[in-house]
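In what follows, a single structure is set out as structure tokens and then discussed.
Residue numbers (my numbering): 222 to 435.
Have a look at this one:
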């Protein structure tokens with residue numbers, strides 16, 4: 222008897238490759254943080270941020286069905302929660318001296334990221350239902366901003382420019398507030414993305430100066 226082969230649920234075309242890759246980098250970064258490999262964890266956070274920067278542009282090159290677009294919105298935010306919510310929270314918890322304080326801050330930070338991403342999904346689905354094209358601005362600070370902020374804090378702390386052992390936890394507080402702040406931020410254009418890439422490259426160089434990634 223011939224059996225009907227059914228593909229696994231979900232979508233697996235090229236439009237979601239970067240999103241899936243970013244999630245894999247993020248999970249590996251969490252494992253690295255738990256294993257107390259700070260440099261590798263930070264580097265993987267940056268790789269996840271790089272994937273997120275271009276996944277939308279890649280997805281826009283293909284004509285997608287409404288279900289594919291809605292799936293893209295959901296999967297992108299779920300990956301962002303892991304990469305820019307859970308990973309920084311775990312990192313701050315693992316490399317802070319007081320686990321109670323750092324654990325509370327990390328938990329509230331992840332909660333703020335969760336709320337922001339869920340709210341973004343609602344707004345984005347409504348926007349795509351009413352208009353075409355890509356969005357021109359964000360409401361509040363994008364969660365991906367932590368992929369630039371945390372490496373800077375790590376490099377400054379490692380070089381002794383920042384001395385407090387709570388540097389990572391303290392960095393999460395303004396970020397969490399920014400995630401929930403009700404103000405608009407213009408979406409970066411080509412020049413903005415180039416500036417972000419230059420900053421990311423400078424941070425990567427800083428990590429290599431710190432005796433390599435691993």
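Backbone N, C-alpha and C fix where the C-beta goes; we use that ideal spot for every residue, glycine too.
Bear in mind the structure is a predicted one, so any value in this text is a computation, not a measurement.
Applying the 10 Å Cβ sphere with the 16-neighbour rule, what's the burial state of residue i?
i	result
residue 331	buried
residue 396	buried
residue 389	buried
residue 410	exposed
residue 260	buried
residue 328	exposed
residue 321	exposed
Between the Cα of residue i and the Cα atoms of the options, which residue gives the shortest distance?
i	options	result
residue 314	297, 323, 380	323
residue 308	365, 415, 419	365
residue 325	311, 406, 368	311
residue 418	381, 285, 270	270
residue 428	380, 392, 288, 280	380
Could you tell me which residues DSSP pairs with residue i in its beta bridges?
i	result
residue 359	406
Return the chain-ordered list of same chain residues with a C-beta closer than 6 Å to the C-beta of residue i, the five sequence neighbours on each side being excluded.
i	result
residue 249	265
Cutting at 8 Å between CB atoms, please list the residues of its own chain near residue i, excluding the five before and the five after it.
i	result
residue 420	369
residue 272	239, 240, 242, 243, 246
residue 319	387
residue 357	407, 408
For residue i, which residues of its own chain have a beta-carbon under 7 Å away from its beta-carbon, when the five flanking residues on both sides are left out?
i	result
residue 341	298
Check whether the segment 288-305 and the segment 241-251 are in contact - that is, three or more C-beta pairs closer than 8 Å. Enough Cβ pairs lie closer than 8 Å, so yes.
Taking three-plus beta-carbon pairs below 8 Å as touching, is the segment 289-296 in contact with the segment 358-372? Taking a contact to require three or more Cβ pairs closer than 8 Å, the segment 289-296 and the segment 358-372 do not qualify as touching.
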